[in-house]
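*Asks:*
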Amino acid sequence: MDSLLRIFPQKRRDFWKVTADKAQEVCEIRLRVDRPVIIETSRGDFFLDHSGIWREEPYGAYSVTETEIRDLIAYLCQDSVYAYADEIRQGFLTVEGGHRIGLSGQAVLENENSLRTLKNISFVNIRVAHEIRGVADKILPELYKAGRFQNTLIVSPPGFGKTTLLRDLIRQLSDGNAYGPGLRVGVVDERSELAGSYRGRPQNDLGMRTDVLDACPKALGMLLLLRSMSPQVIAVDELGEEQDLRVLHMAASGGCSLLATVHGAGEEDAARRLGGEYMREMFARIVILKGRGRMECRCLEGG
């Protein structure tokens, strides 16, 4: 995957070529100063030798240097870290190809509740974007009733593919499918994971009728989209804040359909996070991810 290789400065691309060639297997690349590189895949963790070859054991594996982290950040910020201050303050950068670069280090506070920036960045998490077209095919017919898309909640533990599923559902809702016509979809992409926007342009295919608001808090973004883009469906990832739920309720009351995700192992977890009564009132379908492409769809009360 060329876009993965282009994350790294030119002088380091030979080292990362093997990993880039295996990009479809890679979930995350973890870089920590003075610690071995860890490549996280669905098959487990791998380490790199000094030539960039994958190995299963950490002993003697290549360790990341402080200079390497510093050079990588400077390269990603085009040698102007100040210009990327807003992104760094949020703890991540999104790069061409939709890959997200998580950052951690020493926090510099504006006040006790506000982060000004990060300095001495020593930990980098490269989250590799995977766009799998058709991953929603087997669940799609269960999300419609008489040709109309039903408000749907996706519940999943981290790492089970909920964002990949959500992305493909958005695309198929937007473009239209065998079960219903294309719909205007408004996406609030708070952490730039769904669309993978780079300089405001989505790197992932979210469909021809989709409008994306990138790097905006969910509640604020949903209100903006409702006012400006008249979506027929609102799609958001990782619900949890009370204000998010209030705006979703407002959208549904105005006739907008809902597509959302929440972290959890099942329906009980989702009910605890959102409130059982609210969940059953707002959503007609619940999709529970169980790992390795296994998922279960159920009707909620009234659905």
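Numbering follows the numbering used here, in which position 256 of the sequence shown is assigned residue number 288; successive positions increment by one, without gaps.
Quick reminder that beta carbons are idealized off the backbone N, C-alpha and C, glycines included.
Taking the alpha carbon of Leu-271 as the point to measure from, which residue in Leu-321, Gly-208, Leu-245 and Ala-251 has its own alpha carbon closest?
*Replies:* One-based indexing of the sequence shown puts residue 271 at position 239. Here the closest residue by C-alpha is Ala-251.
*Asks:* Whole angstroms are fine: how far does the CA of Ile-153 sit from the CA of Val-268?
*Replies:* In the sequence shown, the residue the question calls residue 268 occupies position 236. In the sequence shown, the residue the question calls residue 153 occupies position 121. For Val-268 and Ile-153, the distance between alpha carbons rounds to 29 Å.
*Asks:* Please report the residue range of the alpha helix (DSSP H) in which Phe-47 lies.
*Replies:* By one-based count along the sequence shown, residue 47 stands at place 15. Taken as a continuous stretch (DSSP letters only), the alpha helix (DSSP H) holding Phe-47 covers 45 to 53.
*Asks:* What residue range is occupied by the uninterrupted alpha helix (DSSP H) comprising Arg-216?
*Replies:* Counting from 1 along the sequence shown, the entry for residue 216 is found at position 184. Neither: Arg-216 is in no alpha helix (DSSP H) and is coded neither H nor E.
*Asks:* Three Cβ pairs or more, each shorter than 8 Å: is that satisfied between the segment 232 to 242 and the segment 176 to 195?
*Replies:* Flag = no, the segment 232 to 242 and the segment 176 to 195 do not touch.
*Asks:* So Arg-259 is in the alpha helix (DSSP H); what residue range does that whole segment cover?
*Replies:* If you number the sequence shown from 1, residue 259 lands on position 227. Unbroken alpha helix (DSSP H) run through Arg-259: 250 to 260.
*Asks:* Please determine if the segment 167 to 182 and the segment 208 to 217 are in contact, where contact requires at least 3 C-beta pairs separated by less than 8 Å.
*Replies:* Because the criterion of three Cβ pairs below 8 Å is met, the segment 167 to 182 and the segment 208 to 217 touch.
*Asks:* If you follow the alpha helix (DSSP H) that His-162 is in, where does it begin and where does it stop?
*Replies:* Stepping through the sequence shown from its first residue, residue 162 is reached at position 130. Careful: His-162 lies outside any alpha helix (DSSP H) and carries neither H nor E.
*Asks:* Roughly how far, in whole angstroms, is the beta-carbon of Thr-149 from the beta-carbon of Arg-121, given that I think they are within contact range, below 8 Å?
*Replies:* As a position in the sequence shown, residue 149 is number 117, starting the count at 1. As a position in the sequence shown, residue 121 is number 89, starting the count at 1. That belief holds up - the Cβ atoms of Thr-149 and Arg-121 are roughly 5 Å apart, short of 8 Å.
*Asks:* For the alpha helix (DSSP H) containing Glu-119, name the first residue and the last one.
*Replies:* What you label residue 119 is simply residue 87 of the sequence shown in a count that begins at 1. It spans 117 to 122 - the alpha helix (DSSP H) in which Glu-119 sits, taken as one unbroken run.
*Asks:* Quick check: what's the CA-CA separation for Val-294 versus Ala-302?
*Replies:* One-based indexing of the sequence shown puts residue 294 at position 262. One-based indexing of the sequence shown puts residue 302 at position 270. When rounded, the distance between both Cα atoms is 7 Å.
*Asks:* Considering Val-279, what are the terminal residues of the alpha helix (DSSP H) in which it resides?
*Replies:* Position 247 of the sequence shown, counted from the first residue, corresponds to residue 279. Run containing Val-279: 274 to 285, per the alpha helix (DSSP H) assignment.
*Asks:* Would Asn-157 and Glu-60 be called neighbours here (beta carbons separated by less than 7 Å)?
*Replies:* To locate residue 157, count along the sequence shown from 1; it is residue 125. To locate residue 60, count along the sequence shown from 1; it is residue 28. Their beta carbons are under 7 Å apart, which means Asn-157 touches Glu-60 by this criterion.
*Asks:* From this set, Thr-126, Phe-181, Leu-108 and Arg-231, which residue's C-alpha is nearest Ala-161's C-alpha?
*Replies:* Locating residue 161 in the sequence shown gives position 129, counting from the first residue. Taking only the C-alpha atoms, the option nearest Ala-161 is Thr-126.
*Asks:* Can you give me the C-alpha to C-alpha distance between Thr-51 and Gly-84, rounded to a whole angstrom?
*Replies:* Here residue 51 is taken as the residue at index 19 of the sequence shown, counted from 1. Here residue 84 is taken as the residue at index 52 of the sequence shown, counted from 1. Thr-51 and Gly-84: Cα-Cα distance of roughly 7 Å.
*Asks:* The beta strand (DSSP E) with Ala-247 in it runs from where to where?
*Replies:* Residue mapping note: residue 247 aligns to position 215 of the sequence shown, counting from 1. Counting along the chain, Ala-247 falls outside any beta strand (DSSP E), and DSSP gives it neither H nor E.
*Asks:* Looking only at C-alpha atoms, which of Lys-54, Ile-266 and Glu-57 sits nearest to Cys-288?
*Replies:* Position 256 of the sequence shown, counted from the start, is the residue given in the question as residue 288. Per the Cα distances, Ile-266.
*Asks:* Give the range of the alpha helix (DSSP H) segment to which Gln-138 is assigned.
*Replies:* Within the sequence shown, residue 138 is the residue found at index 106, counting from 1. Careful: Gln-138 lies outside any alpha helix (DSSP H), inside the beta strand (DSSP E) at 132 to 143.
*Asks:* Locate the alpha helix (DSSP H) running through Ile-186, then write down its first and last residues.
*Replies:* For the purposes of this step, residue 186 is identified with residue 154 of the sequence shown, where counting begins at 1. Ile-186 -> not in any alpha helix (DSSP H); beta strand (DSSP E) instead, spanning 184 to 188.
*Asks:* Which of the three DSSP states, helix, strand or coil, is assigned to Val-268?
*Replies:* If you number the sequence shown from 1, residue 268 lands on position 236. Here Val-268 sits in strand by DSSP.
*Asks:* Looking at Met-261: is its Cβ nearer than 7 Å to the Cβ of Gly-218?
*Replies:* The residue you call residue 261 lines up with position 229 of the sequence shown. The residue you call residue 218 lines up with position 186 of the sequence shown. A contact, by the Cβ cut-off of 7 Å.
*Asks:* Straight-line CA distance for Pro-173 to Gln-204?
*Replies:* In the sequence shown, the residue the question calls residue 173 occupies position 141. In the sequence shown, the residue the question calls residue 204 occupies position 172. Looking at the two C-alpha atoms, the distance is approximately 11 Å.
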